[in-house]
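Using the numbering used here, the first residue of the sequence shown is number 16, and each one after it goes up by one. Where a beta carbon is used, it is the ideal one built from N, C-alpha and C, also for glycine. Quick caveat: nothing in here was measured; it's all calculated off a predicted structure. First up is the structure itself, then whatever we jot down about it.
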Amino acid sequence: MATALITHKDCFGHVTPAGHPEQVARLDAVLGALENLDLVSVNAPFAAEDDLKLAHPISHIQSIRDAAPESGWKSLDADTHMSTGSLAAAMRAVGANVRAVDMVMTDEVQNAFCAIRPPGHHCERETPMGFCLFGSVAIAAKYAINHHGLDRVAIVDFDVHHGNGTQDLVEEDPKILFCSTHQMPLYPGTGHAHETGGFNNVFNVPLPDGAGTHLFKKAFLETVIPAVDQFRPQLIIVSAGFDAHANDPLAGMELNEDDFAWVTEQICDLADRHCAGRVVSSLEGGYDLHALGASVAAHVKVLKERGE
Numbered sequence: 016m017a018t019a020l021i022t023h024k025d026c027f028g029h030v031t032p033a034g035h036p037e038q039v040a041r042l043d044a045v046l047g048a049l050e051n052l053d054l055v056s057v058n059a060p061f062a063a064e065d066d067l068k069l070a071h072p073i074s075h076i077q078s079i080r081d082a083a084p085e086s087g088w089k090s091l092d093a094d095t096h097m098s099t100g101s102l103a104a105a106m107r108a109v110g111a112n113v114r115a116v117d118m119v120m121t122d123e124v125q126n127a128f129c130a131i132r133p134p135g136h137h138c139e140r141e142t143p144m145g146f147c148l149f150g151s152v153a154i155a156a157k158y159a160i161n162h163h164g165l166d167r168v169a170i171v172d173f174d175v176h177h178g179n180g181t182q183d184l185v186e187e188d189p190k191i192l193f194c195s196t197h198q199m200p201l202y203p204g205t206g207h208a209h210e211t212g213g214f215n216n217v218f219n220v221p222l223p224d225g226a227g228t229h230l231f232k233k234a235f236l237e238t239v240i241p242a243v244d245q246f247r248p249q250l251i252i253v254s255a256g257f258d259a260h261a262n263d264p265l266a267g268m269e270l271n272e273d274d275f276a277w278v279t280e281q282i283c284d285l286a287d288r289h290c291a292g293r294v295v296s297s298l299e300g301g302y303d304l305h306a307l308g309a310s311v312a313a314h315v316k317v318l319k320e321r322g323e
């Protein structure tokens, strides 16, 4: 089989104010880093409202629609902004994740990487925040359960920031396991180890500033991997944030490209053991453009090798 690269030109239309770290150039860096890989290129569809409603009430969906400006920007909070193209970009981001689930679950491809923006893992059930408008990965997990009849979906989040939105959306769903490694203290201030979800289905591993390779790998080997093994997922979805890189301006976990390749290998090993290698990965953070491109390339190269 093969690896899909799912994206859409509409994701360039999400324009943030000057100096904002979640900028259009991020997607240029990602796609530029992947252009020499032989991937199955797919245009992300526009998300269906019914798919959004798997995770968000109609009031939230409508509030995002209503906030879309006719010109300039609309600030939803100090960090989260919408331009004229943001709604379409966010709908494509969700659509990419849903399409990826369909392709992987029907064996059209072995795995998939969604090169999308805005990211999604900070958006809670009714609260956009942290650059995020919809909980794309949580929606994908719920879609896999509702449309493909799965009983167990694991979400693995290695973004440097805790995926508070994903946790909010899945912590009361026994069919979804959420595992997150992240720096603490750091935005958004959630993700303590004692947050375990309604069914012991949440595993948070907070790591200190400067954690580096050793503590990151230790977190996966001692907590994340055993939790996923015990859960035996039928699909693994990855919140792939690369802002734990040593060069990233927003955090200080001090990882490098080799670490992202390593963790991708570990996730693929889990997928091989439990779900026929099925992995859907979705871009979250990463704000140093060179580090982002290099890290995404390392991540997707492993996905491609494992998909061949």
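| request: With a cut-off of 8 Å on the beta carbons, I'd call D324 and D274 a contact; round off their distance for me. | output: Nothing in the structure corresponds to residue 324, since the chain is present only between 16 and 323.
| How would you call I154, buried or exposed, if buried means at least 16 neighbouring beta carbons within 10 angstroms? | Looking up residue 154 in the sequence shown gives position 139. With 16 or more Cβ atoms within 10 Å of its Cβ, I154 is classed as buried.
| Per DSSP, F218 forms a beta bridge with which residues? | For the purposes of this step, residue 218 is taken as residue 203 along the sequence shown, with counting starting at 1. Residue pairing from DSSP places F218 in a beta bridge opposite C194.
| Who are the Cβ neighbours of Q281 in its own chain at under 7 Å, not counting the five residues just before and after it? | The sequence position of residue 281 within the sequence shown is 266, counting from 1. Result list for Q281: F235 and I240, in chain order.
| said: Using 8 Å for Cβ pairs, my map puts A19 next to V57. What's the rounded Cβ distance? | reply: Along the sequence shown, one-based indexing puts residue 19 at 4. Along the sequence shown, one-based indexing puts residue 57 at 42. Rounded, the Cβ-Cβ distance is 5 Å, consistent with contact.
| Beta-carbon separation (whole angstroms), G206 vs H177, contact threshold 8 Å | The sequence position of residue 206 within the sequence shown is 191, counting from 1. The sequence position of residue 177 within the sequence shown is 162, counting from 1. Right, their Cβ atoms sit about 3 Å apart.
| task | Grab the span of the beta strand (DSSP E) containing A159 for me, first residue to last. | result | Here residue 159 refers to the residue found at position 144 of the sequence shown. A159 -> not in any beta strand (DSSP E); alpha helix (DSSP H) instead, spanning S151 to H163.
| From M120 to G164, what does the alpha carbon distance come to, in whole angstroms? | Position 105 of the sequence shown, counted from the first residue, corresponds to residue 120. Position 149 of the sequence shown, counted from the first residue, corresponds to residue 164. The straight-line gap from Cα to Cα measures roughly 10 Å.
| Spatial neighbours of Q125 in its chain, beta-carbon cut-off 6 Å, leaving aside the 5 residues before and after | Counted from its first residue, the sequence shown places residue 125 at position 110. Within the same chain, Q125 has close Cβ partners M16, G292 and G322.
| message | At 4 residues or longer, what runs of the alpha helix (DSSP H) sit wholly inside the segment 92–135? | response | 101–120
| task | Consult DSSP for D328 and reduce its assignment to one of helix, strand or coil. | result | The structure shown does not extend to residue 328, since the chain is modelled only from 16 to 323, so the question has no answer here.
| If we count Cβ pairs, one from each stretch, closer than 8 Å, do we get three or more for the segment 214–232 versus the segment 196–206? | yes
| request: Answer yes or no: do L298 and A266 have a C-beta to C-beta separation smaller than 8 Å? | output: Here residue 298 refers to the residue found at position 283 when the sequence shown is read from its first residue. Here residue 266 refers to the residue found at position 251 when the sequence shown is read from its first residue. No, they are not a contact pair.
| What residue range is occupied by the uninterrupted alpha helix (DSSP H) comprising N51? | Within the sequence shown, numbered from 1, the residue matching residue 51 stands at position 36. Segment: none, N51 is in no alpha helix (DSSP H) and carries neither H nor E.
| query | So which of K233, A130 and G150 has the shortest CA-CA distance to L49? | reply | Position 34 of the sequence shown, counted from the start, is the residue given in the question as residue 49. The candidate whose alpha carbon is nearest that of L49 is A130.
| query | Hey, how far is the Cα of K24 from the Cα of D43? | reply | Walking along the sequence shown from the start, residue 24 turns up at place 9. Walking along the sequence shown from the start, residue 43 turns up at place 28. Rounded to whole angstroms, K24 to D43 spans 11 Å at the Cα level.
| message | Which residue wins for smallest C-alpha separation from A111, given the options V152, A312 and D174? | response | On the sequence shown, position 96 is the one that residue 111 refers to. The option with the nearest alpha carbon to A111 is V152.
| request: Sort out for me which residues DSSP pairs K89 with in a bridge. | output: Along the sequence shown, one-based indexing puts residue 89 at 74. The partner list for K89 (beta bridge, DSSP) reads M97.
| field | Which listed residue (V294, E269, Q77 and V109) has its alpha carbon closest to that of D122 | value | Position 107 of the sequence shown, counted from the start, is the residue given in the question as residue 122. Here the closest residue by C-alpha is V294.
| message | Beta-carbon within less than 6 Å of H75's beta-carbon, same chain only, minus the 5 sequence neighbours each way: which residues are those? | response | Taking the first residue of the sequence shown as position 1, residue 75 is located at position 60. Contacts found: E141.
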